[in-house]
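K.L.:
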Amino acid sequence: MLDATTRSGGTATATPQAAATELAVAADLVVAPETAVAAPVFPTAARTGPAGPFLRALLSPWARFSLLVALLAAAASSVLLFEPQRLLADGWPPQLGGAAAALAFGLAYGLCTVAFVPRPLLNLAAGALFGSQLGLATALAGTVLGAGVAFGLGRLLGQDALRPLLRARWLKAADGQLSRHGFRSMMVARLFPGVPFWAANYCAAVSRMGWPSFLLATALGSIPNTAAYAVAGARASSPTSPAFLIAMAFIAVPALAGTAVAWRKRHHLRGR
0 MLDATTRSGG TATATPQAAA TELAVAADLV VAPETAVAAP VFPTAARTGP
50 AGPFLRALLS PWARFSLLVA LLAAAASSVL LFEPQRLLAD GWPPQLGGAA
100 AALAFGLAYG LCTVAFVPRP LLNLAAGALF GSQLGLATAL AGTVLGAGVA
150 FGLGRLLGQD ALRPLLRARW LKAADGQLSR HGFRSMMVAR LFPGVPFWAA
200 NYCAAVSRMG WPSFLLATAL GSIPNTAAYA VAGARASSPT SPAFLIAMAF
250 IAVPALAGTA VAWRKRHHLR GR
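Take the sequence shown: its position 268, counted from the start at 1, is 267 in numbering that gives the first Met the number 0, and no numbers get skipped.
#1: Where Ala114 and Tyr108 are concerned, what is the direct C-alpha to C-alpha distance, given to the nearest angstrom?
#2: Short check: CB of Tyr201 to CB of Gly147, under 8 Å?
#3: With DSSP run on the structure shown, which of helix, strand or coil describes Met208?
#4: Note down the Cα distance separating Ser184 from Gly175, rounded to an integer number of angstroms.
#5: Buried or exposed for Pro192, going by 16 or more other Cβ atoms inside 10 Å?
#6: How about Gly134 and Ala140: do their beta carbons lie closer than 8 Å?
#7: Please state whether the Cβ-Cβ distance between Leu67 and Leu144 is less than 8 Å.
#8: For Leu71, collect the residues of the same chain with a Cβ closer than 6 Å to its Cβ; drop the 5 residues on either side in sequence, then sort them by chain order.
#9: Ignoring anything shorter than 4 residues or poking outside the region 99-170, list the alpha helix (DSSP H) runs there in chain order.
#10: Would you mind sorting Thr239 into buried or exposed? The rule is 16 or more other CB atoms within 10 Å of its CB.
#11: Hey, how far is the Cα of Arg234 from the Cα of Pro223?
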């Protein structure tokens, strides 16, 4: 029993249960408002509702990879229907001219490379439509744009699903080369045309290569080959001119050099 002093000077007795109840009420009055603000309670159904498993399945690595495959298949199908090679025969639409035409072509160039359109065809078209200098600038802008879009799609939708499949020795060797020496590896891939443009983009996306190394190496490494094709496209009407012959030599020599380097370094990919 506990004694308590009354207003009249006497004492009153209280049970332990009553004292504990009064202390609990006082604690609730002090702590409850702060607790209600700092830690709001959410309904359990919102965390474990029927949409939870569906969302997890929708965002799973293989679901995202399936979305990537569907997007690329749709893009490739649309390119087959559009037939971009007609640019070399029919030219650019007459409604567009000047900077607006170059901007539109650069955007179309980037999207076409994502959809597996060969870059040599687009580079020739850039030179034929805009001349050597503007054609080179437009093609380079489209190259970096298309590479960035492909790299982003591959990194977001395909990396988590494909990285666990890198079990073969040559796949591990290629992944290690791209991950540890990203800038150097991508420069070699762009300077020596042996690996298709789209394949280099998606292989880099699956690796741990960083964005700055990928984009900078793509921009710098694509200059010689792109310039050669742009000049060849601009001078295609005079195939015996020195400029056209020099451009064709710049196209052929790196291809042969890339083949020779790949042949000599083939043992690295075999993991020897």
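Beta carbons are placed, not taken as given, at the ideal position from N, Cα and C, and that holds for glycine.
P.N.:
Concretely, from the data shown:
#1: 10 Å
#2: no
#3: coil
#4: 10 Å
#5: buried
#6: no
#7: no
#8: none
#9: 118-152, 158-161
#10: exposed
#11: 17 Å
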